[in-house]
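Colleague: Please read through the structure below; I'll follow up with questions.
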Amino acid sequence: MHPKQAGFTMIELMVTLAILGIMLALTAPSFQTLVKNNLIAAETNRLVSDMQFARSEALKRGGPVILCRTGDPTAATPTCGGAPHTWSNGWLVYVSGDSNNTYEAATDTLLRVAQASPGGLTIKANGASNSNLEFNGDSSTNQGGSTARFAICDDRGTAHGRMVEIPPVGRLRRAAAVPSCAGPP
19 MHPKQAGFTM IELMVTLAIL GIMLALTAPS FQTLVKNNLI AAETNRLVSD
69 MQFARSEALK RGGPVILCRT GDPTAATPTC GGAPHTWSNG WLVYVSGDSN
119 NTYEAATDTL LRVAQASPGG LTIKANGASN SNLEFNGDSS TNQGGSTARF
169 AICDDRGTAH GRMVEIPPVG RLRRAAAVPS CAGPP
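Numbering (my numbering), first residue to last: 19 to 203.
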């Protein structure tokens, strides 16, 4: 007599691997959706955090603090600029020393530099915040009385995007709907 052997037969192993493969195939799209949703949420939170930081610094300092889009945040001396309405490359947060809404290392104090959005995210701003978002010393915005809007989207488009609005009083809010990810929101 042979002693009873413990283990799996080849058929049991193949059936187990087939079931595992089917389960992975079914859950992979859900996992990708989860990752993309978390990436958009994280980028929205990063942008909102820098906006809240700029607002609180303006209130604390009693003068203008500005966020501006930048084409190259990794430059030795980054500057405001980049493609119109597009904040995807990054942004600067600085204290304006000369109130000309353009960062100049000689007269302004750079507080933060945000790198490009990860994972191919797109951040678009409306006309009120096309190139910058300025907070006054009373924490209101200096956007000509308009509400600044920022849409954060990925390759799935508007249906999965996020929107941040900053009305003239300066209080940030997340909006439920994203009007556009292709152009200014």
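Heads up, the beta-carbon is just placed ideally off N, CA and C, and yes, glycines get one too.
On a predicted model such as this, the values are computed, not experimentally measured, just so you know.
Looking at the secondary structure, which residues open and close the beta strand (DSSP E) in which CYS86 lies?
Modeller: Position 68 of the sequence shown, counted from the start, is the residue given in the question as residue 86. Element bounds for CYS86: 83–87.
Colleague: Quick one: measure Cβ to Cβ for GLU75 and VAL113, integer angstroms, because I've assumed they're closer than 8 Å.
Modeller: Sequence index remark: in the sequence shown, residue 75 carries index 57 (1-based). Sequence index remark: in the sequence shown, residue 113 carries index 95 (1-based). That belief holds up - the Cβ atoms of GLU75 and VAL113 are roughly 7 Å apart, short of 8 Å.
Colleague: Would you report the Cα separation of GLY163 and ILE37, rounded to the nearest angstrom?
Modeller: Taking the first residue of the sequence shown as position 1, residue 163 is located at position 145. Taking the first residue of the sequence shown as position 1, residue 37 is located at position 19. Distance between the alpha carbons of GLY163 and ILE37 is about 60 Å.
Colleague: Please return the same chain residues whose Cβ sits closer than 6 Å to the Cβ of LEU128, not counting the five positions on each side in sequence.
Modeller: Reading the sequence shown from its first residue, position 110 is the one you call residue 128. These residues qualify, in order along the chain: TYR112.
Colleague: Please list the terminal residues of the continuous beta strand (DSSP E) segment that includes THR127.
Modeller: Numbered from 1 along the sequence shown, position 109 holds the residue referred to as residue 127. It spans 127–132 - the beta strand (DSSP E) in which THR127 sits, taken as one unbroken run.
Colleague: Which whole-angstrom value is the C-beta distance of GLY108 and GLN133, which I expect to be below 8 Å?
Modeller: Here residue 108 is taken as the residue at index 90 of the sequence shown, counted from 1. Here residue 133 is taken as the residue at index 115 of the sequence shown, counted from 1. So it is a contact: roughly 5 Å between Cβ atoms.
Colleague: Beta carbon of MET181, beta carbon of ALA200: below 9 Å?
Modeller: If you number the sequence shown from 1, residue 181 lands on position 163. If you number the sequence shown from 1, residue 200 lands on position 182. No, the pair does not count as a contact, with Cβ atoms beyond the cut-off.
Colleague: Any contact of the segment 50–64 with the segment 84–99, i.e. 3+ C-beta pairs under 8 Å?
Modeller: no
Colleague: Under the rule that 16 or more other beta-carbon atoms within 10 Å means buried, what is ASN56, buried or exposed?
Modeller: To locate residue 56, count along the sequence shown from 1; it is residue 38. Exposed, because fewer than 16 other Cβ atoms sit within 10 Å of the Cβ of ASN56.
Colleague: CA-CA distance, PRO82 and ASN154?
Modeller: Indexing the sequence shown from 1 puts residue 82 at position 64. Indexing the sequence shown from 1 puts residue 154 at position 136. Each residue's alpha carbon lies about 5 Å from the other.
Colleague: If PHE71 and ARG130 are in contact, beta carbons under 8 Å, what's the gap, nearest whole angstrom?
Modeller: Position 53 of the sequence shown, counting from 1, holds the residue named residue 71. Position 112 of the sequence shown, counting from 1, holds the residue named residue 130. Yes, PHE71 and ARG130 are in contact; Cβ-Cβ is about 7 Å, under 8 Å.
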